[in-house]
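Asker: Sharing a structure with you now.
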Ligand code: 5GP
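Numbering (our numbering), first residue to last: 924 to 1101.
Below is the structure:
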């Protein structure tokens, strides 16, 4: 598995240290509130697990599984494969994502969460690829900004594999071609 990686972009230590910083920021920003971290399955799981340990106020977690489909290519749309377990009416929600690429998925998810009655919705993403953005969307908290390359690890997959790598890396080209 490790042999399939061309280059490690972000090490495990760097991710852990950044999660500590992000946790501090979120702790400060949400004083007196009980935010709900909503992880988008499956890619956000390792990041959410690392980040939540660094948030030092009461908080809750929930998960959603959404898939984009592009019947209408330019707008994109989102299908809910697994919905939230609990109501979020009046809640302060932080969506946890692995990477913001075109931004289409998150834009739809934010709208969806407001339509479910959230009081506020912010986004925390482990990675951001601003060069690829198609819609006007900015994450509120970003772990790392990366160049336009296809990355795997720390939750990010290729054909469902490599999510368990403890770092973020670029796949070797011959792994795509098989
Ligand atoms: P968006 O709607 O922002 O284009 O889609 C974001 C989703 O695309 C991410 O949650 C992720 O599943 C996938 N994605 C975008 N870029 C990458 C990448 O470099 N590597 C992997 N493994 N997935 C990516």
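Every residue gets a Cβ at the ideal spot worked out from N, C-alpha and C, and that includes glycine. Just so you know, these numbers come straight off a predicted model, no measurement behind them.
#1: Please confirm if the region 971-985 is in contact with the region 925-932, defined as three or more CB-CB distances below 8 Å between the two stretches.
#2: Where do the N-terminal and C-terminal ends of the alpha helix (DSSP H) with residue 1031 fall, by residue?
#3: Need the endpoints of the beta strand (DSSP E) that residue 1005 sits in, please.
#4: According to DSSP, simplified to helix, strand and coil, what is residue 1063?
#5: Does the Cβ of residue 1079 lie closer than 8 Å to at least one heavy atom of the ligand 5GP?
#6: With a threshold of 8 Å (Cβ to nearest heavy atom), would residue 1075 be considered close to the ligand 5GP?
#7: Helix, strand or coil for residue 974? Go by DSSP, reduced to three states.
#8: What number of angstroms, rounded off, separates the C-alpha of residue 1098 from the C-alpha of residue 1091?
#9: Would you report the Cα separation of residue 1045 and residue 938, rounded to the nearest angstrom?
Answerer: On the basis of the coordinates in this document:
#1: no
#2: 1027-1038
#3: 1000-1005
#4: coil
#5: yes
#6: yes
#7: helix
#8: 16 Å
#9: 20 Å
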